[in-house]
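Q: I have a structure I would like to understand better, so I am pasting it below and will then ask my questions one at a time.
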Amino acid sequence: MTQHDAASLTIPNDWDRRGLPAWTYHSEAMFALERERLFLTHWQVVGHVNDVANPGDWLAFDLLGERAVVMRGQDGVVRAFHNLCRHRGARVVNGEKGHCKGALVCPFHGWVYNLDGSLRGAAQPSSFGSLDRTQFGLKPIEMEVFHGFIFIRFFAGPQPAVAEMLAPYAADFAGYRSEGVQPLDMPHWATELPVNWKSVRDVDNEGYHVPMAHPALQDLYGRTYRDLHLDGGLNVSIGSFGDAPARRWSVKMYLAITERQHWLPEHLQTTWTYYGLFPNAVFAFTPESVQFYQEIPISPGKTRVTGRIYCQPDESRRMRAARYLAYRIDRDTSAEDQQLSIWSNESMLSTAFEGFHLSDLEYGLKRHHDNLRALMPVMTLPVAPPEAEIAARNDELICQSKSQG
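First residue of the sequence shown? That's 8 in my numbering, and the numbers climb one at a time after it.
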């Protein structure tokens with residue numbers, strides 16, 4: 008087995024094996040607190056710079072009542088703005104991806120914005136008196152690019168700059184040439200699940216279930232699969248393939264067709280590698296393809312799982328065939344995880360549910376829960392406070408922690 012560059016944190020000999028209490032998965036007040044303290048203040052991945060390759064190309068991103076548009080300007084610069092006309096708040100773009108020629112035109116009253124977000128002009132400007140156009144451009148959103156991937160953050164939060172936060176991934180992302188990957192003709196996928204977002208992440212944050220729940224992955228790399236736990240809410244999951252004959256058709260064909268990409272660093276040539284980012288994003292790399300996926304919370308009991316897929320710009324026919332077979336394996340794995348998420352989420356409402364008791368192989372789930380509890384210590388309470396008191400109780404616990412620290 009080739010050695011991965013990242014060094015994992017040591018799992019302690021004795022640790023609290025309990026997960027989050029069940030009430031945190033279905034509380035409306037807890038969900039509101041997660042919106043305020045977690046999702047809108049942490050980096051979210053929107054897409055790749057090659058999704059907006061030309062001036063006027065745009066991507067939209069909606070999250071818990073906030074709306075963003077990422078757009079390449081005439082000057083070639085990619086910027087992020089609130090998808091909100093400064094007149095009455097209508098969307099200036101509608102849909103998930105598109106292109107505009109030279110300017111954005113609000114479909115409500117026809118206000119026109121340049122591709123750098125500045126207001127070109129209002130419809131019937133004399134009706135507004137002395138309107139200062141410089142004060143009514145689209146509102147910018149904090150944005151950073153890491154090896155081609157676009158991140159935004161609606162409000163300032165506890166995470167550092169993306170480049171600093173993801174520094175442990177930089178060498179591998181460069182090795183995969185992620186800055187140059189190209190979107191596929193149908194690069195975007197999404198599905199809605201009747202679960203709390205944490206149930207999806209709980210399943211994805213550990214490999215203990217792989218041998219039982221994912222026969223294709225077990226056939227491909229289950230013998231070598233391992234999780235690495237890094238500082239800063241990062242984790243890496245790795246499986247090396249090709250060390251044993253396969254039984255399942257997709258895996259057999261994948262192993263027969265895939266070939267070593269010698270431009271890759273040695274430790275990445277025969278691996279599927281997953282790079283996790285707190286709270287809700289994962290980048291998945293194979294020798295033939297790149298994708299990211301994430302959970303977008305909609306309500307306490309509904310989550311949109313979505314992502315985008317990319318390929319290398321010089322993809323050969325053989326790489327394309329291997330990428331298709333990898334997609335077949337990944338599609339089955341995703342369906343299996345979705346069912347596990349539903350079953351796990353259902354258990355939270357059962358009177359018989361007494362909480363988690365985690366294996367060392369589920370330490371990644373524990374670390375994810377610890378990060379949530381650090382931000383929202385009300386999650387440490389085994390019994391739910393009254394809904395109307397959850398936010399205030401959380402603030403009390405934060406104050407107590409600061410006074411003790």
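Every residue, glycine too, gets a C-beta built ideally from N, C-alpha and C.
What three-state label does DSSP hand Y370 in the structure shown?
A: Working through the sequence shown from its first residue, we reach residue 370 at position 363. Residue state, collapsed to three classes: helix.
Q: Let's see if you can read the secondary structure: which residues bound the alpha helix (DSSP H) around N90?
A: For the purposes of this step, residue 90 is taken as the residue at position 83 of the sequence shown. First-last for N90: undefined, no H or E at that position.
Q: I think L224 touches Y317, with their Cβ atoms under 8 Å apart; what is that distance to the nearest whole Å?
A: Sequence index remark: in the sequence shown, residue 224 carries index 217 (1-based). Sequence index remark: in the sequence shown, residue 317 carries index 310 (1-based). So it is not a contact: roughly 21 Å between Cβ atoms.
Q: On a Cα-Cα basis, can you pick out the residue from D402, V77, H116 that is closest to D123?
A: In the sequence shown, counting from the first residue as 1, residue 123 sits at position 116. Here the closest residue by C-alpha is V77.
Q: Does DSSP put R315 in a helix, a strand or coil?
A: For the purposes of this step, residue 315 is identified with residue 308 of the sequence shown, where counting begins at 1. Looking at R315 - three-state DSSP - the assignment turns out to be strand.
Q: According to DSSP, is W65 part of a helix, a strand, or is it coil?
A: Along the sequence shown, one-based indexing puts residue 65 at 58. In the structure shown, W65 sits in a strand (DSSP, three-state: E or B).
Q: What does N242 pair with, by DSSP beta-bridge criteria?
A: In the sequence shown, counting from the first residue as 1, residue 242 sits at position 235. For N242, which the question treats as bridged, DSSP gives the partners H236, G283.
Q: Buried or exposed, going by whether 16 or more other CB atoms sit within 10 Å of the CB of H269?
A: What you label residue 269 is simply residue 262 of the sequence shown in a count that begins at 1. H269 comes out exposed.
Q: Report the residue from R254, C92, P294, P201 whose alpha carbon sits nearest the alpha carbon of T310.
A: As a first step, residue 310 is located in the sequence shown; it is residue number 303 there, counting from the start. Residue P201 is the option with its Cα nearest to T310.
Q: Rounded to whole angstroms, what's the CA-CA distance from G249 to Y331? Just pull it up for me.
A: Taking the sequence shown and counting its residues from 1, the one referred to as residue 249 is at position 242. Taking the sequence shown and counting its residues from 1, the one referred to as residue 331 is at position 324. Approximately 18 Å, taken between the alpha carbons.
Q: Where does S34 land, buried or exposed, given buried means 16+ other C-beta within 10 angstroms?
A: Residue mapping note: residue 34 aligns to position 27 of the sequence shown, counting from 1. Classification of S34: buried, given that the 10 Å Cβ count is 16 or more.
Q: Rounded to whole angstroms, what's the CA-CA distance from R7 to H236? Just pull it up for me.
A: Here the chain comprises residues numbered 8 to 412, so residue 7 is not present and cannot be evaluated.
Q: Helix, strand or coil for A14 per DSSP?
A: Counting from 1 along the sequence shown, the entry for residue 14 is found at position 7. In the structure shown, A14 sits in coil (DSSP, three-state: anything other than H, G, I, E or B).
Q: Pull up the distance between the alpha-carbon of L16 and that of F143, whole angstroms please.
A: Locating residue 16 in the sequence shown gives position 9, where the first residue counts as 1. Locating residue 143 in the sequence shown gives position 136, where the first residue counts as 1. Cα to Cα, the separation comes out at about 49 Å.
Q: For the alpha helix (DSSP H) that contains K205, what are its first and last residues?
A: Residue mapping note: residue 205 aligns to position 198 of the sequence shown, counting from 1. Run containing K205: 204-211, per the alpha helix (DSSP H) assignment.
Q: Anyone know if the C-beta pair for Y370 and Y282 falls short of 8 Å?
A: Along the sequence shown, read from residue 1 onward, the residue named residue 370 stands at position 363. Along the sequence shown, read from residue 1 onward, the residue named residue 282 stands at position 275. Their beta carbons are not under 8 Å apart, which means Y370 does not touch Y282 by this criterion.
Q: So the alpha helix (DSSP H) E73 belongs to, where does it begin and stop?
A: Within the sequence shown, residue 73 is the residue found at index 66, counting from 1. Unbroken run through E73 is the beta strand (DSSP E), 73-79; no alpha helix (DSSP H).
Q: Are the beta-carbon atoms belonging to W196 and T313 less than 8 Å from one another?
A: For the purposes of this step, residue 196 is identified with residue 189 of the sequence shown, where counting begins at 1. For the purposes of this step, residue 313 is identified with residue 306 of the sequence shown, where counting begins at 1. Yes.
Q: Would you grab the beta carbon distance between F161 and L47 for me? Rounded to a whole angstrom, and I think it's under 8 Å.
A: Here residue 161 refers to the residue found at position 154 of the sequence shown. Here residue 47 refers to the residue found at position 40 of the sequence shown. Yes, they are in contact, since the Cβ atoms of F161 and L47 sit about 4 Å apart, within 8 Å.
Q: Helix, strand or coil: how does DSSP classify A263 here?
A: Along the sequence shown, read from residue 1 onward, the residue named residue 263 stands at position 256. In this structure, A263 counts as helix in the three-state DSSP scheme.
Q: Taking just the CA atoms, how far does P286 sit from P393?
A: What you label residue 393 is simply residue 386 of the sequence shown in a count that begins at 1. What you label residue 286 is simply residue 279 of the sequence shown in a count that begins at 1. Going by the C-alpha atoms only, they are around 26 Å apart.
Q: Candidates F135, W30, F68, D337: which alpha carbon is nearest S257's?
A: Within the sequence shown, numbered from 1, the residue matching residue 257 stands at position 250. Checked all of F135, W30, F68, D337; the closest Cα to S257 is D337.
Q: Name the two residues that bound the continuous alpha helix (DSSP H) containing L227.
A: Locating residue 227 in the sequence shown gives position 220, where the first residue counts as 1. 222-228 is the extent of the alpha helix (DSSP H) around L227.
Q: Label H55 either buried or exposed according to how many other C-beta atoms from any shown protein chain fall within 10 Å of its C-beta, with 16 as the threshold for buried.
A: To locate residue 55, count along the sequence shown from 1; it is residue 48. When all chains shown are included, H55 counts as buried.
Q: Less than 8 Å separating the beta-carbons of F153 and L173?
A: The residue given as residue 153 occupies position 146 in the sequence shown. The residue given as residue 173 occupies position 166 in the sequence shown. Yes; because the gap between Cβ atoms is below 8 Å, this pair is in contact.
Q: Terminal residues of the continuous beta strand (DSSP E) containing S137?
A: Sequence index remark: in the sequence shown, residue 137 carries index 130 (1-based). S137 -> no beta strand (DSSP E), and no H or E assigned at all.
Q: Using beta-carbon positions only, say whether P167 and A87 come within less than 8 Å of one another.
A: For the purposes of this step, residue 167 is taken as the residue at position 160 of the sequence shown. For the purposes of this step, residue 87 is taken as the residue at position 80 of the sequence shown. No, Cβ-Cβ distance for P167 and A87 is not below 8 Å.
Q: Helix, strand or coil, according to DSSP, for Q411 in the structure here?
A: Here residue 411 refers to the residue found at position 404 when the sequence shown is read from its first residue. In the structure shown, Q411 sits in a helix (DSSP, three-state: H, G or I).
Q: Given N103, which residues of its chain have a CB within under 8 Å of its CB, disregarding the five upstream and five downstream residues?
A: Against the sequence shown, residue 103 aligns to sequence position 96. The sequence as given places Glu at residue 103; Asn does not occur at that position. Excluding sequence neighbours, E103 sits near L66, A67, H195.
Q: Looking at S366: is its Cβ nearer than 8 Å to the Cβ of Y215?
A: As a position in the sequence shown, residue 366 is number 359, starting the count at 1. As a position in the sequence shown, residue 215 is number 208, starting the count at 1. Yes, the pair counts as a contact, with Cβ atoms nearer than the cut-off.
Q: Taking the straight line between their C-alpha atoms, what separation do you get for D344 and V53?
A: Here residue 344 refers to the residue found at position 337 of the sequence shown. Here residue 53 refers to the residue found at position 46 of the sequence shown. About 23 Å.
Q: Helix, strand or coil: how does DSSP classify D21 here?
A: In the sequence shown, residue 21 corresponds to position 14, counting from 1. DSSP places D21 in coil when its eight states are reduced to three.
Q: Buried or exposed for E213, please, with buried defined as at least 16 other CB atoms from any protein chain shown within 10 angstroms of its CB.
A: As a position in the sequence shown, residue 213 is number 206, starting the count at 1. Label assigned to E213: buried.
Q: With a 10 Å radius around its C-beta and 16 neighbouring C-beta atoms as the bar for buried, classify S247 as buried or exposed.
A: Along the sequence shown, read from residue 1 onward, the residue named residue 247 stands at position 240. Burial call: buried.
Q: Does A197 come out as helix, strand or coil in the three-state DSSP assignment?
A: As a position in the sequence shown, residue 197 is number 190, starting the count at 1. Three-state result, A197: strand.
Q: Evaluate R267 with the Cβ neighbour count: other Cβ atoms within 10 Å of its Cβ, from every protein chain shown; 16 or more gives buried, anything less gives exposed.
A: As a position in the sequence shown, residue 267 is number 260, starting the count at 1. Exposed.
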